[in-house]
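Chains as they are written, first to last, in the working numbering: chain A, 1 to 400; chain B, 1 to 400; chain C, 1 to 144; chain D, 1 to 144. Glycine included, each C-beta is placed from N, C-alpha and C at the ideal position.
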Amino acid sequence: MQKPKRVYLDHAATTPVRKEVLDVMLPLFSEQFGNPSSFYQTGQEAQRLLTQARQTVADCIHADPREIFFTSCGTESDNWAIKGTAEALKKKGRHIITSQIEHHAVLHTCQTLEKQGFDVTWLPVDTNGLVDPEAVRQAIRPDTILVSIMMANNEIGTIEPVETIGSICREQKILFHTDAVQAAGSVPIDVRTLGADMISFSAHKLYGPKGVGALYVRKGVRLPNLLDGGAQENNRRGGTENVAGIVGFAHAFKLAVSEMPVTSQRLTMMRNDFIKSVMAAIPDTRLNGHPVQRLPNNVNFSFKYIEGESILLMLDHFGYECSSGSACTSGSLDPSHVLLGIGLPHEIAHGSLRVTLGRETEAEDLSRMVGDLSKIVARLRELSPLYPADRQQTDLNQHV
Amino acid sequence: MQKPKRVYLDHAATTPVRKEVLDVMLPLFSEQFGNPSSFYQTGQEAQRLLTQARQTVADCIHADPREIFFTSCGTESDNWAIKGTAEALKKKGRHIITSQIEHHAVLHTCQTLEKQGFDVTWLPVDTNGLVDPEAVRQAIRPDTILVSIMMANNEIGTIEPVETIGSICREQKILFHTDAVQAAGSVPIDVRTLGADMISFSAHKLYGPKGVGALYVRKGVRLPNLLDGGAQENNRRGGTENVAGIVGFAHAFKLAVSEMPVTSQRLTMMRNDFIKSVMAAIPDTRLNGHPVQRLPNNVNFSFKYIEGESILLMLDHFGYECSSGSACTSGSLDPSHVLLGIGLPHEIAHGSLRVTLGRETEAEDLSRMVGDLSKIVARLRELSPLYPADRQQTDLNQHV
Amino acid sequence: MQYSDQVMDHFMNPRNVGEIENADASGTVGNAKCGDIMKVTLKIEDGVIVDAKFKTFGCGSAIATSSMATEMIKGKKLDEALRLTNKAVAEALGGLPPIKMHCSLLAEQAVKSALLAYYKEHDLITDENKHLFDKLDEDAHDAH
Amino acid sequence: MQYSDQVMDHFMNPRNVGEIENADASGTVGNAKCGDIMKVTLKIEDGVIVDAKFKTFGCGSAIATSSMATEMIKGKKLDEALRLTNKAVAEALGGLPPIKMHCSLLAEQAVKSALLAYYKEHDLITDENKHLFDKLDEDAHDAH
Ligand SMILES: Cc1ncc(COP(=O)(O)O)c(C=O)c1O
Ligand SMILES: Cc1ncc(COP(=O)(O)O)c(C=O)c1O
Chain A
1 MQKPKRVYLD
11 HAATTPVRKE
21 VLDVMLPLFS
31 EQFGNPSSFY
41 QTGQEAQRLL
51 TQARQTVADC
61 IHADPREIFF
71 TSCGTESDNW
81 AIKGTAEALK
91 KKGRHIITSQ
101 IEHHAVLHTC
111 QTLEKQGFDV
121 TWLPVDTNGL
131 VDPEAVRQAI
141 RPDTILVSIM
151 MANNEIGTIE
161 PVETIGSICR
171 EQKILFHTDA
181 VQAAGSVPID
191 VRTLGADMIS
201 FSAHKLYGPK
211 GVGALYVRKG
221 VRLPNLLDGG
231 AQENNRRGGT
241 ENVAGIVGFA
251 HAFKLAVSEM
261 PVTSQRLTMM
271 RNDFIKSVMA
281 AIPDTRLNGH
291 PVQRLPNNVN
301 FSFKYIEGES
311 ILLMLDHFGY
321 ECSSGSACTS
331 GSLDPSHVLL
341 GIGLPHEIAH
351 GSLRVTLGRE
361 TEAEDLSRMV
371 GDLSKIVARL
381 RELSPLYPAD
391 RQQTDLNQHV
Chain B
1 MQKPKRVYLD
11 HAATTPVRKE
21 VLDVMLPLFS
31 EQFGNPSSFY
41 QTGQEAQRLL
51 TQARQTVADC
61 IHADPREIFF
71 TSCGTESDNW
81 AIKGTAEALK
91 KKGRHIITSQ
101 IEHHAVLHTC
111 QTLEKQGFDV
121 TWLPVDTNGL
131 VDPEAVRQAI
141 RPDTILVSIM
151 MANNEIGTIE
161 PVETIGSICR
171 EQKILFHTDA
181 VQAAGSVPID
191 VRTLGADMIS
201 FSAHKLYGPK
211 GVGALYVRKG
221 VRLPNLLDGG
231 AQENNRRGGT
241 ENVAGIVGFA
251 HAFKLAVSEM
261 PVTSQRLTMM
271 RNDFIKSVMA
281 AIPDTRLNGH
291 PVQRLPNNVN
301 FSFKYIEGES
311 ILLMLDHFGY
321 ECSSGSACTS
331 GSLDPSHVLL
341 GIGLPHEIAH
351 GSLRVTLGRE
361 TEAEDLSRMV
371 GDLSKIVARL
381 RELSPLYPAD
391 RQQTDLNQHV
Chain C
1 MQYSDQVMDH
11 FMNPRNVGEI
21 ENADASGTVG
31 NAKCGDIMKV
41 TLKIEDGVIV
51 DAKFKTFGCG
61 SAIATSSMAT
71 EMIKGKKLDE
81 ALRLTNKAVA
91 EALGGLPPIK
101 MHCSLLAEQA
111 VKSALLAYYK
121 EHDLITDENK
131 HLFDKLDEDA
141 HDAH
Chain D
1 MQYSDQVMDH
11 FMNPRNVGEI
21 ENADASGTVG
31 NAKCGDIMKV
41 TLKIEDGVIV
51 DAKFKTFGCG
61 SAIATSSMAT
71 EMIKGKKLDE
81 ALRLTNKAVA
91 EALGGLPPIK
101 MHCSLLAEQA
111 VKSALLAYYK
121 EHDLITDENK
131 HLFDKLDEDA
141 HDAH
């Protein structure tokens with residue numbers, strides 16, 4: 001049998017490094033390999049590239065380069081922002097507000113703080129995955145030191161009302177952190193209007209390399225180091241700088257921002273077509289996440305009566321690479337906390353499929369996929385003891 | 001004027017990525033770019049590479065792959081080992097033992113813990129930079145929870161008696177961490193005899209990429225996460241794995257270990273020749289660090305009456321890239337804590353020069369450098385108000 | 001997930017899918033909340049399983065082990081079928097990834113549960129065979 | 001360190017190196033512990049600096065500013081020389097990296113210190129000029 005063409009549709013998990021980005025990175029491994037802290041030419045050249053990259057990233061979000069600190073990933077940025085604030089302000093208070101659908105990097109960090117005696121309010125979301133800004137306001141207490149709400153969700157793509165939340169935090173003088181790992185490069189970010197004190201980024205979600213991230217820290221925000229060491233990053237994050245990675249990140253971010261209007265429109269149209277076709281072709285299907293306030297590239301379905309891992313496995317067999325919120329995929333016992341967070345019952349959450357488009361995604365791949373996906377769902381439903389034999393085409397959205 | 005050939009002699013600061021290493025990394029950026037946590041082929045292929053890299057690193061130090069955790073740098077490894085142990089054992093005790101000549105990643109981490117109420121014993125070293133294992137034993141108290149002594153010093157190259165220190169720690173049932181960032185790839189490491197519970201590594205010191213490191217954590221050692229997040233690294237270090245970097249690191253480490261006997265001998269001979277020639281050519285010169293128990297590639301001199309940054313600057317002008325422990329180089333006010341730690345007076349410490357050889361270093365570059373360096377030192381001494389006009393050739397070692 | 005070729009074959013082309021009408025025995029284990037359910041139906045003649053069919057809601061390995069388990073018990077005497085273990089099924093499939101071993105328990109349990117019903121109905125439980133049903137009391141998921 | 005071409009020129013080819021024998025004025029500031037010392041010697045005729053020489057222990061910018069400062073005061077009247085500032089020296093060198101600005105203070109201080117000795121010796125201190133020596137009481141390193 002001929003190997004099927006591989007169609008990568010998991011851009012929320014990671015993205016390939018763009019060719020233009022790899023090109024700027026390549027000379028920095030073996031030729032211009034200097035340590036930016038070094039005194040001589042090779043080092044100073046690296047320092048210059050680093051300064052330039054910092055300016056580029058700052059420009060992407062309208063920040064001052066002194067507010068940009070490079071890290072090793074989105075996870076480090078989240079940990080630094082949250083644990084650092086907790087350490088800095090623990091004398092002032094020990095209450096943190098976050099949502100029930102944050103990425104594990106925020107979720108588990110807050111749980112660690114809970115174990116250390118912090119009090120965390122886990123705000124619920126509505127069925128579309130939206131945090132209610134008024135709920136944030138009401139949760140604020142005299143001992144609240146931090147609000148952390150993500151800019152866009154990695155599973156269901158819902159874009160949170162972070163500007164409104166930011167202005168509430170400002171008004172109440174509470175620090176506001178937002179995880180923009182999924183949003184960056186896909187939706188515009190302007191720190192001048194956002195009202196966030198800290199923002200997390202990761203390069204590998206926007207066609208940069210893995211192992212590089214950044215934290216925006218608004219001027220004046222006190223944030224103790226997570227990584228103590230040398231004088232790098234203005235004494236705030238030790239460790240020899242990953243120059244190639246940082247330069248690649250900056251270039252990728254810049255390209256993403258400059259192409260955003262075009263890419264975003266293209267992806268949104270493809271996404272909407274795909275959603276419409278799948279909903280029409282496959283009965284008992286639910287679209288998870290907000291119908292319009294969602295990332296341009298994100299699609300998340302639940303197919304009733306079947307389980308997500310088996311959908312992924314068949315899709316993989318046919319060449320489509322996607323992800324699921326099923327427990328079996330992650331090796332845990334519970335399905336995704338995000339899908340449970342939007343109120344899906346376990347059995348529906350198990351049958352979820354996330355399809356995230358990217359720069360290389362082509363419309364014909366998606367339309368071919370609609371056919372394959374219909375067949376796969378039908379086959380698995382035939383196998384399923386839950387599927388009523390006399391099932392007529394119905395709309396799952398009415399049932400959930 | 002023709003540009004002078006650049007001779008890179010700062011391999012303790014960072015090393016170029018070896019060609020063989022870059023070759024294995026290259027396909028992992030844009031082609032095999034999968035996220036190892038992903039279910040489908042592209043992801044599982046990344047997972048396979050990761051597993052293999054972990055095995056390779058484990059083999060390099062005779063460990064079990066389950067004891068290897070990849071990090072973003074040596075600094076992260078140091079922070080994780082020390083802060084993690086402090087967190088895990090703070091109920092048992094709050095006393096930590098370390099030396100006065102650790103890298104900033106250990107030094108500043110311990111200082112942070114001091115501010116949080118931990119008690120740190122800063123062991124002195126002798127004039128060669130050696131920690132006395134008996135001093136470690138004597139410093140151990142009922143509330144001691146950790147000993148952290150580096151395997152080899154990054155400035156003066158002294159190799160510490162870590163095996164002896166390790167066995168004392170074992171005997172006293174105290175956790176022992178060693179920073180092997182400089183030692184790895186240059187001296188053999190065998191966890192079966194070393195007696196260390198945690199060991200820090202960094203890729204960019206051994207011809208791997210910047211932004212990758214590892215921490216060895218002996219089986220059974222409880223170490224809370226520094227970076228909470230996804231289930232990566234067996235749930236102990238969140239963040240999408242830097243697959244290209246990790247694979248490059250493993251390959252670089254493996255090559256370094258397999259070539260160690262040859263490289264080590266070659267560098268040691270070149271180093272000794274260089275030291276002898278410089279000491280003969282330039283009066284009032286002191287060799288810092290241990291005369292024989294030192295890294296094969298490390299040379300560290302103090303030239304009396306002159307200041308280190310000006311030496312570096314002239315060397316850079318002539319094409320030689322080295323480093324110094326002078327305060328002016330680092331932008332701080334005090335010269336290197338390591339040089340002060342071995343008892344050098346400030347004015348001698350200011351006049352230090354570190355020359356660290358590497359794979360590409362050629363004997364003729366070094367012999368040419370002896371001549372250039374003599375001229376540079378002579379010129380700067382002529383400029384110096386400290387240099388006695390009637391100075392005869394004397395041996396500075398008698399003075400310090 | 002690195003599944004063996006046999007797993008993939010039984011997953012992509014599962015044998016014995018369906019439900020036997022007027023089955024002599026039938027058993028259902030698991031629940032949708034945990035993400036896997038298997039229903040097995042058997043046709044039994046003269047103490048021999050002459051046909052077996054399954055329906056499974058679950059992951060790839062749940063489906064593949066269901067398929068393999070039904071294959072393995074067809075033509076077997078009841079007491080032989082009762083000795084089917086999840087390990088044997090996994091082995092017949094060329095192994096399962098460690099975190100997936102628990103899924104294979106589902107098939108073992110479903111077969112046992114169907115046979116238990118049959119034994120009870122036909123009063124076949126004896127002191128010699130009753131221990132074979134012991135494990136059934138545990139939830140498949142507790143056995144991870 | 002990104003030094004300007006002028007800095008590099010004055011560092012690699014410093015002007016006025018040495019010590020004037022039987023100098024009319026001489027001043028030394030800094031200390032070896034802090035990593036920089038500058039000694040300046042001046043030849044003064046009719047209230048004009050006719051020659052200036054220096055010796056400096058210190059970093060690249062300390063040496064370059066020493067060289068430039070001695071150039072700048074040669075041929076100047078004493079009270080003009082007294083108005084020499086580290087900023088002017090740095091500017092004449094095409095600027096210095098921010099963390100190196102303090103090094104340029106060394107040259108200003110050394111010149112002032114030499115002139116102060118000369119003014120004292122010749123009783124030239126007046127109410128109008130004494131403020132020019134104010135800064136000398138501070139250690140150059142406190143002025144970072
Ligand atoms: C002994 C030692 N420890 C730790 C580090 C820190 O390593 P990294 O730059 O990878 O964080 C270095 C080098 O900078 C070092 O020489
Ligand atoms: C919303 C969100 N936050 C944080 C992360 C963590 O980023 P990284 O893998 O770079 O640590 C991810 C992706 O994994 C994410 O989607």
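Annotated three-state conformation of residue 57 of chain D is strand, per DSSP. Just measuring C-alpha positions, the residue of A:147, A:116, A:206 sitting nearest residue 122 of chain A is A:147. DSSP places residue 215 of chain B within a strand segment (E or B) once states are collapsed to three. The alpha-carbon separation between residue 17 of chain C and residue 59 of chain C amounts to approximately 15 Å.
Remark: the shortest separation between the CB of residue 154 of chain A and any heavy atom of ligand 2 falls under 7 Å. Taking CB atoms only, residue 29 of chain C has no neighbour in chain A less than 8 Å away.
The beta carbon of residue 17 of chain D falls within 8 Å of a beta carbon belonging to chain B, placing the residue at that interface.
For residue 120 of chain A, there are no neighbours in chain B by C-beta distance under 8 Å, as the nearest C-beta there is about 13 Å away. For residue 373 of chain B, no CB of chain D lies under 8 Å from its own CB, so it is not counted at the interface with that chain. In the structure shown, residue 96 of chain B adopts extended strand secondary structure according to DSSP, grouped into three states. Under the rule that a run must span 4 or more residues, the alpha helix (DSSP H) segments found entirely inside the region 59-111 of chain B read 74-89. The straight-line gap separating the alpha-carbon atoms of residue 168 of chain A and residue 131 of chain A is approximately 13 Å.
Using a Cβ-Cβ cut-off of 9 Å, residue 185 of chain B is close to nothing in chain A; its nearest Cβ partner there is about 16 Å away. Put simply, of C:31, C:72, C:29, C:53 the residue whose alpha carbon is nearest the alpha carbon of residue 90 of chain C is C:72.
Residue range 36-45 is occupied by the beta strand (DSSP E) that includes residue 39 of chain C. As summarised for the region 296-356 of chain A, the continuous beta strand (DSSP E) elements at least 3 residues long and confined to that stretch are 298-303, 352-356, given in chain order. Per DSSP, residue 31 of chain C is one residue of the beta strand (DSSP E) stretching across 25-31. The beta-carbon separation of residue 172 of chain A and residue 152 of chain A, rounded to 24 Å, does not stay under the 8 Å limit for a contact. Boundaries for residue 37 of chain B: no beta strand (DSSP E) harbours it, and the DSSP string shows neither H nor E there. Taking 7 Å as the cut-off between beta carbons, the residues of the region 56-74 of chain D near chain B are 56, 57, 58, 59, 60, 63, in sequence order. The beta-carbon of residue 101 of chain D is placed no less than 8 Å from the nearest beta-carbon of chain B. The Cβ atoms of residue 66 of chain B and residue 219 of chain B lie closer than 8 Å to each other. When the five nearest sequence neighbours on each side are left out, the beta carbons in the same chain lying within less than 7 Å of the beta carbon of residue 254 of chain B are those of 56, 60, in order along the chain. As the crow flies, the alpha-carbon of residue 16 of chain A is around 18 Å from that of residue 264 of chain A. Boundaries of the alpha helix (DSSP H) around residue 380 of chain B: 363-383.
In this structure, the straight-line span from the alpha carbon of residue 353 of chain A to that of residue 45 of chain B is close to 21 Å. Contact of residue 46 of chain C with chain A by beta-carbon distance below 8 Å is absent, the smallest such distance being about 28 Å.
In the structure shown, residue 228 of chain B adopts coil according to DSSP, grouped into three states. Taking the beta carbon of residue 33 of chain C as reference, the chain A residues within 7 Å of it are 346, 347, listed in sequence order. Contact between the region 92-100 of chain B and the region 109-126 of chain B is present, with at least three C-beta pairs closer than 8 Å.
Interface annotation, residue 49 of chain C: not in contact with chain A, CB-CB separation never under 8 Å. Under the criterion of beta carbons closer than 8 Å, residue 47 of chain D and residue 84 of chain D do not qualify as touching, at roughly 16 Å. Boundaries of the alpha helix (DSSP H) harbouring residue 79 of chain D: 78-82, taken from the DSSP string. Between residue 80 of chain A and the set A:157, A:113, A:93, A:58, the nearest pair of CA atoms involves A:113. Chain A places a beta carbon closer than 8 Å to that of residue 105 of chain B, counting this residue as a contact. With a 10 Å radius around the Cβ and a threshold of 16 neighbouring Cβ atoms, residue 27 of chain C comes out buried.
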